[in-house]
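Notes to accompany the following structure.
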Amino acid sequence: MKRTALFMLVASVFLSGVAWADSTIKIPVAAAFTGQLASFGEGIKNAAILRGEEINADGGINGKKVQIVLEDELCDPKEAATVATKLANDPEVSIVIGHLCSSASLAALPIYRDAKLPAISPASTNVNIGKMSPFYFRNVYKDDFQGLFLARYAKLARGFDTVAVFYEVNDYSMGLMTAFMKEAKKLGIKVLGTEAYTSDTTDFKPQLTKFKMMKPDAIFIPGYAPQGTLIMSQARALGMKNVAFFGADGLDDDLMLKNPDAEGLFVTTPFLPDKAGPQAAGFIAAYKKKYGKEPNWFAANAYDGVGLAAQAIATVGEDRVKIRDYLASLNSKKKAYKGVAGNTYFDANGDCLKDAFVKEIRNGRWVSAEKQLQ
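Here's what the structure looks like:
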């Protein structure tokens, strides 16, 4: 059977001894579960299923069983629009967790807006998302903050004076690049050059050869891991042994650990297990027990997203507009949803403020960077 974004996995938990109401509550989770970025979607899927199981073990939502429905949109705008249309037209769907990539969110967003269907993205960081719909929320920081943070970290924590930027032609990467370059200029970091690539590029040597002649202190890759790992290997093969590499949350992928040329890479992340608060301990332990590995930030945000959706439904019921209004009412630290990835509360655009941390690859493992910005 051909795997497309229309393929659907349903993760339901049937617990013996629990008297459920006649109906269930669907919570769709839309992300990339196949394709190049399936590793990001894996954390989202795993955490959503785990949280759904926990909610059901505690009695469900108002006596109804939660059904986590996984919708694969491949991080592709067309597939995301198809999934969004399907969910918007389903009267049993009152909220969506998704989407993963910014380009997918931007494609799905107007469909949800017109259907008055609220959504919470655990991962889309493009700055324009929050401005486009009162029904779209996210529990992750924006690229303008992330780009600014990276520029400050590069200068203040790492002492870089010169940088080259190697970006992918998509909403996420270009938004990050713009924010980074704006702050870099203020800090006195000289951007020696920029080069672009597309998601199907595999030969980066022409652009890297140009960068090699510039001799930057570091190369900033505001893209995704499948391309990032190739860029780093090809740079080392060209003799760029001393240049540092850094990126944003799109490079926060265990795929990088398989590449010895990625040693020393540092990236931003909204969640570090050893920096998380005490409320995260149970989640980390449960995730490790169920999946045999530590949760990443995609998992932490998806776990909180499902929990927040459940809290909203438990409070105001399954009416889409009432759920949207409830989420919008969480507009201060006092009213915040207290999750494993910190407190989530929203501004007027549905955006949230979260701390950023830095992790790096050391001896083939992701570890917290010794220097963190406060």
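Number 294 in the numbering used here belongs to position 306 of the sequence shown; there are no gaps in the numbering.
By construction, the Cβ of each residue, glycine as well, lies at the ideal position given by its N, Cα and C atoms.
Note that the structure is a prediction, hence the values are computed from the model and not measured.
Using a Cβ distance threshold of 7 Å, A20 and G29 count as a contacting pair. Of D242, K178, P194 and V84, the smallest CA-CA separation from L226 is found for P194. Counting along the chain, the unbroken alpha helix (DSSP H) around L38 starts and ends at A26 to A45.
If you compare the alpha carbons of G235, I85 and K321 with that of A300, the shortest gap goes to I85. G293 carries a helical assignment under DSSP once its states are collapsed to helix, strand and coil. Per DSSP, R312 is one residue of the alpha helix (DSSP H) stretching across R308 to S317. Separation of the CB atoms of A35 and Y291 is rounded to 4 Å, and the pair is thereby assigned contact status at 8 Å.
Note on the segment 84 to 128: whole alpha helix (DSSP H) runs with a minimum of 4 residues are 90 to 102, in chain order. The closest CA to that of P210, considering only D149, F271, Y100 and L164, is found on L164. Beta-bridge partners of R353 (DSSP): R350. Taking the CA atoms as reference points, D159 sits about 6 Å from S90. Note on V309: under 16 other CB atoms within 10 angstroms of its CB, so exposed under the neighbour-count rule. Within the model, the alpha-carbon separation for K74 versus E61 is close to 12 Å.
When DSSP reads this structure, F233 sits in a beta bridge with I207.
Sorting L138, R146 and T190 by C-alpha distance to the C-alpha of E156 places T190 at the top.
Here DSSP, grouped into helix, strand and coil, assigns G135 to helix.
In the DSSP annotation of this structure, F192 is not part of any beta strand (DSSP E), being labelled neither H nor E.
Counting only runs of 3 or more residues that sit fully inside the segment 43 to 77, the beta strand (DSSP E) segments are 53 to 60, in chain order. Take the alpha-carbon of F123 and the one of T257: they are about 25 Å apart. For G181, the beta-bridge partners assigned by DSSP are A152.
It is roughly 6 Å from the alpha-carbon of A357 to the alpha-carbon of V346.
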